[in-house]
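Chemist:
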Amino acid sequence: MLEQFNQYIFSEYGLLVTWLLGVLIGALLIHRLNKALSSFRGKKRQKQGIKAQKKAARLLKKNGFKIIESEPRIQSRLMIDGQIVTFEITPDFMVERDGMKYTVEVKSQSDKNLIHQADVRRQLIEYIKASHVPCILLTMQDQFMTEVEWPEFEE
């Protein structure tokens, strides 16, 4: 039986089947390793985010802000094809200082020019329009706060 197996494996088709099986097993191993690595990175990012949120809360309090709510759920609406669609947004904090409320978005990057990135700007505009209060962009590595408001233009 072993002899028949060896003859088949070393035949023309046997080599092809063995090669294809090896490629398939290799691809499966690479996929599993990639998935495990991705999961590890996601958990690491999540831990960093939680740590940054805690530091942000301390920093906000140190700067005179009262934390009203962490990760508040704010209802927002859009009209899409004539239909009003309601959805929820979740900034990192809702705070208050000197009688003024703010939404807060915390970023772990240290770039003070983060506000000039389109995706960050869009996120802040969404928070401002949905909550009807100004927003603070807080970059944690340099502990820099930028207040962002939507100006009301007079015509």
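Just add 44 to wherever you are in the sequence shown, counting from 1, and you've got my numbering. No residue lacks a Cβ here, since even glycine has one placed at the ideal position from N, Cα and C.
Pull up the distance between the alpha-carbon of Arg117 and that of Leu68, whole angstroms please.
Modeler: Going by the C-alpha atoms only, they are around 46 Å apart.
Chemist: What are the partner residues of Lys110, as DSSP defines its beta bridges?
Modeler: Paired residues: Glu140.
Chemist: Per DSSP, which one or two residues make a beta bridge with Lys145?
Modeler: The partner list for Lys145 (beta bridge, DSSP) reads Glu140.
Chemist: Alpha carbon to alpha carbon, how far is Gly70 from Thr113? Give it in angstroms, no decimals.
Modeler: At residue 113 the sequence reads Glu, which differs from the Thr that was named. C-alpha separation (whole angstroms): 49 Å.
Chemist: Please determine, among Leu64, Leu81, Arg76 and Ala100, the residue with the shortest C-alpha to C-alpha distance to Gln185.
Modeler: For the residues Leu64, Leu81, Arg76 and Ala100, the minimum Cα distance to Gln185 belongs to Ala100.
Chemist: Identify whether Arg121 lies in helix, strand or coil by the three-state DSSP scheme.
Modeler: Of the three classes helix, strand and coil, the one that applies to Arg121 here is strand, per DSSP.
Chemist: Am I right that Leu181 and Val192 are in contact with their C-beta atoms under 8 Å? What's the rounded C-beta distance?
Modeler: The pair is a contact, with the Cβ atoms about 6 Å apart (cut-off 8 Å).
Chemist: Any idea which residues DSSP pairs Ile180 with across the strands?
Modeler: DSSP output for Ile180 lists Val148 and Glu191 as bridge partner(s).
Chemist: Among Trp194, Met189, Pro195 and Glu196, which one has its Cα closest to the Cα of Lys106?
Modeler: For the residues Trp194, Met189, Pro195 and Glu196, the minimum Cα distance to Lys106 belongs to Met189.
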